[in-house]
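What follows is a short report on a single structure.
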Amino acid sequence: MSALGIPAIYVPYAVGNGEQRLNAAAAIDAGAAVLIEDGQLTPERVRAEVIPLLRDEVRRDAMRQAAERVGSRTGTEDLIALADRALAR
């Protein structure tokens, strides 16, 4: 999402080892995304937080800009380069 400059609302799966929250942390810390815990995703929370965000073009634009800064479009290439360096040792 961030690599494409798309703001996000992350709702990590309640069961697991926290990897979804960890994966979203950079975008959240950069202001490119918000996190709502699975158990807190209620109709009231959607009305209070999600709907206002959808209506707030200025905030969404700021989130989009933050996403563009934090996202990477070269993840595959970076991983291959890392593997190549490891194999070259």
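Just so you know, the sequence shown maps onto residues 35 to 123 in the numbering used here. Glycine is no exception: its CB is placed at the ideal position from the N, C-alpha and C atoms.
What first and last residue would you give for the alpha helix (DSSP H) that runs through A96?
Per DSSP, A96 belongs to the alpha helix (DSSP H) from E91 to V104.
Once you ignore the five residues that flank A61 on each side, which residues in its own chain have a CB closer than 6 Å to its CB?
Only S36, A67 and V104 meet the Cβ criterion.
Distance between P77 and I114 (C-alpha atoms, nearest Å):
If you take the alpha carbons of I114 and P77, they lie about 43 Å apart.
Please report the distance separating the alpha-carbon of P46 from that of G73.
Roughly 10 Å separates the two Cα atoms.
Which of the three DSSP states, helix, strand or coil, is assigned to A67?
The answer is strand: DSSP assigns A67 an E or B state.
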